[in-house]
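Residue numbers (this note's numbering): 5 to 287.
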């Protein structure tokens, strides 16, 4: 049976380290501050934002949530972002997805200053990631958290075959860049890939981020592989389930993340960690 990668426990450790960093910064007169903008009344977004706020407060980060009505215009959001960009007390800005249809998400992403882009989505930061820049810059939190997990569990990265299922800008693409920067041999497969299992069965590290419940079964996994399940879905009984069929995958894999308790807690822990890093880098 595969070893469980305990994201919850690792996130706890990361949060404790972040809390110490916050205390150190405060002693230097720097108060890390995160601003989250949420537009509309998406229920899942509200839960995420509340969880982020709660965790920030526990760690000692100043957390501000700006709630805007669903009919807010793009110009109004851009004006607000500009205010936060100019506010020296704010270190991290994020706009919660999804956004109402009248808003161009890419324009919002570009508007956040790269130095305050806590999500790591600004094209300038993405460019630094893809060129493996040696500068300080934020990276998309879920992939960054996954790299922390892989290193904490001493998973070999250099020279291994890594396969990513999914090519989103939030997980798939930055994950590919991070693994490539760590000298893995990276393949990205997606909905147009023919015979996906041919690729996944060859993966020493398999990262699945599709939003399709139980897409990857045990017979599509290489024995002994490290399997990272980014999915968060609800089954017919309203239970949380991943993109990997855990019951058939666990006997085959060498290491595996559970859902819940795997990648999810690490994403929030990394967001907090990165907020504090942005505060450090701002000086």
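Glycine is no exception: its CB is placed at the ideal position from the N, C-alpha and C atoms.
Determine the extent of the beta strand (DSSP E) in which residue 63 is found, giving its start and end residues. That residue, residue 63, is in no beta strand (DSSP E); its alpha helix (DSSP H) goes 47-63.
Taking only three categories from DSSP, how would you classify residue 28? helix
Answer with buried or exposed for residue 74, where buried requires no fewer than 16 other C-beta atoms within 10 angstroms of its C-beta. exposed
Residue 128 versus residue 82 - alpha carbon distance: Approximately 18 Å between the Cα atoms of the pair.
First through last residue of the beta strand (DSSP E) which encompasses residue 96: 96-99
Roughly how far, in whole angstroms, is the beta-carbon of residue 204 from the beta-carbon of residue 220, given that I think they are within contact range, below 8 Å? Contact check for residue 204 and residue 220: beta-carbon distance about 6 Å, within the 8 Å limit, so the pair qualifies.
Residue of 63, 104, 95, 87 minimising C-alpha distance to residue 77: 104
For residue 251, which of helix, strand or coil comes out of DSSP? helix
Have a look at 122, 227, 286 and flag the residue whose alpha-carbon is nearest the alpha-carbon of residue 7. For residue 7, the nearest C-alpha among the options comes from 227.
Where residue 181 and residue 278 are concerned, what is the direct C-alpha to C-alpha distance, given to the nearest angstrom? Rounded to the nearest angstrom, the two C-alpha atoms are 18 Å apart.
Would you tell me roughly how many angstroms separate the C-alpha atoms of residue 285 and residue 140, rounded to the nearest one? 7 Å
C-alpha gap between residue 70 and residue 164, whole angstroms: Residue 70 and residue 164: Cα-Cα distance of roughly 43 Å.
How would you write the range of the beta strand (DSSP E) that residue 205 sits in, first residue to last? Counting along the chain, residue 205 falls outside any beta strand (DSSP E), and DSSP gives it neither H nor E.
Mind reading off the beta-carbon distance from residue 67 to residue 280? Whole number of angstroms is fine, and I expect it under 8 Å. Actually they are not in contact, since the Cβ atoms of residue 67 and residue 280 sit about 12 Å apart, beyond 8 Å.
For residue 246, which of 173, 262, 37 has the nearest alpha-carbon? Residue 262 is the option with its Cα nearest to residue 246.
Residue 201 and residue 229: beta carbons closer than 9 Å? Cβ distance not < 9 Å, so residue 201 and residue 229 don't count as in contact.
Residue 125: which of 111, 144, 270, 117 sits nearest, CA to CA? 144
If you draw a straight line from the alpha carbon of residue 107 to that of residue 155, how long is it in whole angstroms? 38 Å
Return the Cβ separation of residue 214 and residue 256 in integer angstroms, given the expectation that the two are a contact with Cβ distance under 8 Å. Not quite, the Cβ-Cβ distance comes to about 19 Å (not below 8 Å), so this is no contact.
Please state whether DSSP places residue 287 in a helix, a strand or coil. Residue 287: coil per DSSP, three-state reduction.
Residue 152 and residue 234 closer than 9 Å at C-beta: With contacts defined by Cβ atoms closer than 9 Å, residue 152 and residue 234 do not form a contacting pair.
For residue 71, three-class secondary structure by DSSP: strand
Going by the beta-carbon positions, is the gap between residue 22 and residue 149 smaller than 9 Å? no
Which residue's Cα is closest to the Cα of residue 236: 209, 253, 252, 267? 267
For residue 191, three-class secondary structure by DSSP: DSSP places residue 191 within a strand segment (E or B) once states are collapsed to three.
Which of helix, strand or coil does DSSP assign to residue 76? Residue state, collapsed to three classes: coil.
Is the CB-CB distance between residue 84 and residue 42 below 9 Å? no
When DSSP labels each residue in this structure, what does residue 232 get in the three-state scheme? strand
Would you please state the rounded distance, in angstroms, between the beta carbons of residue 175 and residue 259? I believe it to be under 8 Å. Between residue 259 and residue 175 the Cβ distance is about 19 Å, and since that is not below 8 Å, they are no contact.
Note down, in chain order, each residue of its chain lying with its Cβ closer than 6 Å to the Cβ of residue 93, except the 5 sequence neighbours on either side. Here the set comprises 37.
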